[in-house]
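*Asks:* Handing you this structure, nothing more for now.
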Amino acid sequence: MCDICITVYPSYHRFILISLLVAAVLCCSFASLHAQARVAVNEIMYAPISPEPEWIELYNADTNLPQNLTGWSLQISSKSVGLPPASIAASGYLVLTKDSNALRQQRPGNYLIVQLALPSLRNSGDTIILFDSSHTVVDSVPYQPSWGATNGRSLERRDAEAPGTNPANWGTCIATSGATPGARNSLGMVADLPALAIVMNEVMFAPVKPESEWIEILNTTRDTIDMGGWQVVVGQGSPKTISFGTPPVPPDSLMILTASDSALASVRGISRSRIISVPIGALNNSGSQIALRDLRGNTIDTMWYAGSWIAKDGVSIERIDPARPGYEPTNWNACEDTSGSTILRPNTERILPRDLALVNISATDSPLTLTIFNAGTDTVRGIPIVLIRDALDTILSIFDSVVAPRDSIIVSIASLPTCFGLLNCVAFVADSLDMRHANDTLRFVLAEDIPADSLVINEIMFDPQAGNCEWLEVYNPSSRWVGMLGSHFTGGQKYTGYSSPLPQTIIPPFDYGLIASHDTLVLATYPTLQSRKKLILDFNRISLELTNDSCSVLLYNDDLTTIDSVRYYSSWHTTPQTDRTGISLERVAWNHASNDPRNWKSSSDPAGATPLAPNSAAHFVDTGASAVFSASFSPNPFSPDGDGFEDESVLTILTGDDISYAMRVRLYDGVGRVVRMLADVATFFRESTLTFDGRNDHGQTLPPGLYTVLVELSSQSPIRLLTKVIAVAIAGKRR
């Protein structure tokens, strides 16, 4: 376009102004008519295999306007031939040959072919000149056999807008067909490559000698890309150029850039064909920036790393998502492979289609909240979560939530079966379609202090016989499970004897635990305890420092709050025997004062003690023997199959007195786990009914089988605890 600038407009210059404006219009029109055409000789088949004819492909690099070739001509050596009237579409191709039928048979496809008396193309080299209608040279290519192409493979241009006279701008076609007439060149049109077409996928910046530094690259496209002429820039250093003729990068494939290709091939045992040699220089171990530029100097990928990203030398850093920028620190992580890297293998940290990660847990007793992150590329719906609380229980919850890629949700597991103490727990995403399990699991601790009324010192063996050891029995009178991990025991005359954290033992509701100095001695003395060995807390030491008279024992939480304590005396023994060796002190009532001498008696059991079993002394102050107490289910069995017939069973509880009770009703499965809390300290007077729908505390239908129900009625006036154990059967679907 012609630009004319006039700053002064006197009236007597109007004629000159008009003349200049007319000249400007004519100038601009002339320039427009004679603008340089952007048509290039793009591909040359000068050495075909018969019967394929020789041919030349033209490419219109203009992305907006077609190009009319009327009046154009082509000169090969000294021979010239005019082009028939034809037009090339914007970004389109046109193939010139002397036998269009033969070419179409050998290379079928929907592309434009123009037949003309094409002069022969010499295999020893020739010059091709393209003229427009004004006989202006549009393009010129003085090809030589050293540029590439032979035995049925074409000579392809790398960049249609770079000079055709530059040998570096040409190379042998790498397509499996040997040529790409009427289509994009296999060497790639540089201008068409998007950012992140080639990405840095893994970097070893701190190798262990003799391994050399290297950069792994990934071709994210569906095209083979020739990186000849590309540049790698490390930090503020000068660009390092990749030589032409290096192996091309196939679609969705990995290659290695390194300055020491032979050394790396030897150390890693990888093929030289997978390595591109480029003098990248030193990669700073403390951190640096790396850029990858194409033949035109366009930045295709860039990344920045810090030395702190790895814990030791010999560990690579891996890109997580090739579609995200490499300069984002969150898109990189240290390799987790045991070898330190995944050279020419899929990254351990790579993004996957389906990848749910459990990233956070708010560990309160109930509800429990979990944060789940969708690290994959697929939208996920329906997330199963498994929670394992020590050996206590396994809970499965399925959340019908939709989580989009790179998004997260918070889910809650409510109404957990309650427990006291400290429990080591595991939660994990149990998605069978998940493709990475390393981020599925989190371990955490549930902790709640053991209240003073939830664990009592129940029996003391302070003077054992030879071959036995000192031990202390505790009783759990609550409806909760009690985890002993995190609680402590102290014994001695002034609480200064043996003191230690207790090992993990989970005591079920209304059951016992045994704190023993040595479990093998306890089991040798009471062999019937072998089946209940898991309830023995073994200290594996000679003594618990339980003296034979005036000794204190203390159970306390991690925060030093007391669970229970007793200062016992040998005078509390009630047996008439003179030798009390091997006879324990038993608690009479768990809900009476621990330090009341009247609440302790000598064991009257023939074995001299009742470890992990009800005491021989009365266990409760008032068993309510005179009270009428009945409990029964109807119908029993029943079938909760949703058919409208006997889908529920009703528990009826009756007493024959006028006492107000607090009622607890628990349902246990075949292995002794509480699966349903039917009532928890509900006020009860004379009669009550509870409906059981055959489901557990999570609303899931229980499997058919026989279940045990513990009914517990307690009152304060008089102090009384009534218990009854009954059974209820869940039947399968009736036919």
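Quick note on numbering: the sequence shown equals residues 961 to 1695 in my numbering.
Note that beta-carbon positions come from the ideal geometry of N, C-alpha and C, so glycine has one too.
1) Go ahead and pull the three-state DSSP assignment for ALA1225.
2) Going by CA-CA distance only, name the one from LYS1200, LEU1670, GLY1197, VAL1238 that's closest to THR1206.
3) Measuring CB to CB, does SER1544 end up less than 9 Å from GLU1433?
4) Within the continuous alpha helix (DSSP H) that includes ASP1479, where are the two ends?
5) Given ASP1391, which residues of its chain have a CB within under 7 Å of its CB, disregarding the five upstream and five downstream residues?
6) Starting from the C-beta of PRO929, find all residues in its chain whose C-beta is less than 7 Å away, skip the five residues before and the five after it, and write them out in chain order.
7) Any contact between the stretch 1219-1230 and the stretch 1175-1185? By contact I mean 3 or more CB pairs, one from each, below 8 Å.
8) Leaving aside the five residues before and after CYS1133 along the sequence, list all residues of the same chain whose C-beta is less than 6 Å from its C-beta, in chain order.
9) Looking only at its own chain, which residues have a Cβ that is under 7 Å from the Cβ of PRO1595, when we skip the five neighbours before and after it?
10) Starting from the Cα of GLY1452, find the closest Cα among ASP1518, HIS1552, PRO1566, VAL1526 and give me that residue.
11) Assign ASN1334 to one of two classes, buried (16 or more other C-beta atoms within 10 Å of its C-beta) or exposed (fewer than that).
12) Whole beta strand (DSSP E) runs in the stretch 1120-1168 with 3 or more residues, listed along the chain?
13) Are three or more beta carbon pairs between the stretch 1542-1556 and the stretch 1570-1579 nearer than 8 Å?
14) Would you grab the beta carbon distance between SER1414 and SER1438 for me? Rounded to a whole angstrom, and I think it's under 8 Å.
15) With burial defined as no fewer than 16 other Cβ atoms inside 10 Å of the residue's Cβ, what is the status of SER1268: buried or exposed?
16) Buried or exposed, going by whether 16 or more other CB atoms sit within 10 Å of the CB of GLN1196?
17) Return yes when the Cβ of ASP1556 is within less than 9 Å of the Cβ of SER1530, no when it is not.
18) Could you check the C-alpha separation between LYS1169 and PHE1388 for me, to the nearest Å?
19) Could you work out which residue in TRP1431, ASP1617, SER1137, ASN1002 is closest to THR1450 when comparing CA atoms only?
20) Go ahead and label ILE976 buried or exposed: buried means 16 or more other beta carbons lie within 10 angstroms of its beta carbon, across all protein chains shown.
21) DSSP on LEU1506, reduced to helix/strand/coil?
22) Is ALA1374 helix, strand or coil when you go by DSSP?
23) In whole angstroms, give me the CA-to-CA distance for THR1110 and ALA1007.
24) Return the residue from the list LEU1025, GLY1042, SER1060 that minimises the CA-CA distance to ALA1049.
25) Based on the DSSP output, what are the partners of GLY1452 in its beta bridges?
26) Do you know how far the Cα of ALA1166 is from the Cα of GLU1408?
27) Taking one C-beta from the stretch 1225-1241 and one from the stretch 1261-1276 each time, how about it: are there three or more such pairs within less than 8 Å?
28) Considering GLN1537, what are the terminal residues of the alpha helix (DSSP H) in which it resides?
29) Would you report the Cα separation of SER1094 and ILE1311, rounded to the nearest angstrom?
30) Given TYR1287, which residues of its chain have a CB within under 7 Å of its CB, disregarding the five upstream and five downstream residues?
31) Any idea if THR1308 is buried or exposed, counting beta-carbon neighbours within 10 angstroms, 16 or more meaning buried?
32) Given this structure, state the Cα-to-Cα distance separating VAL1363 from GLY1229, to the nearest angstrom.
33) Using beta-carbon positions only, say whether ALA1642 and LEU1611 come within less than 9 Å of one another.
34) Under the DSSP definition of a beta bridge, which residues are partnered with TRP1264?
35) Count the other CB atoms, across all protein chains shown, that sit within 10 Å of the CB of GLU1708; report buried if there are 16 or more and exposed otherwise.
36) Under the three-state reduction of DSSP, which class applies to ARG1064: helix, strand or coil?
*Replies:* The short version:
1) helix
2) VAL1238
3) yes
4) 1479-1485
5) LEU1316, ILE1343, PRO1344
6) Nothing in the structure corresponds to residue 929, since the chain is present only between 961 and 1695.
7) no
8) ARG1113, SER1114, GLU1116, ALA1139, SER1146
9) GLU1606, SER1609
10) VAL1526
11) buried
12) 1130-1132, 1158-1164
13) yes
14) 4 Å
15) exposed
16) exposed
17) no
18) 40 Å
19) TRP1431
20) With a pLDDT of only 39 at ILE976, under 50, the local geometry of the prediction cannot be trusted, and no value is derived from it.
21) coil
22) coil
23) 5 Å
24) LEU1025
25) SER1512
26) 47 Å
27) no
28) Premise fails: GLN1537 is in no alpha helix (DSSP H) and is neither H nor E.
29) 57 Å
30) THR1262, MET1263, TRP1264
31) buried
32) 42 Å
33) no
34) GLN1249
35) No answer is possible for residue 1708: the residues shown for the chain start at 961 and end at 1695.
36) helix
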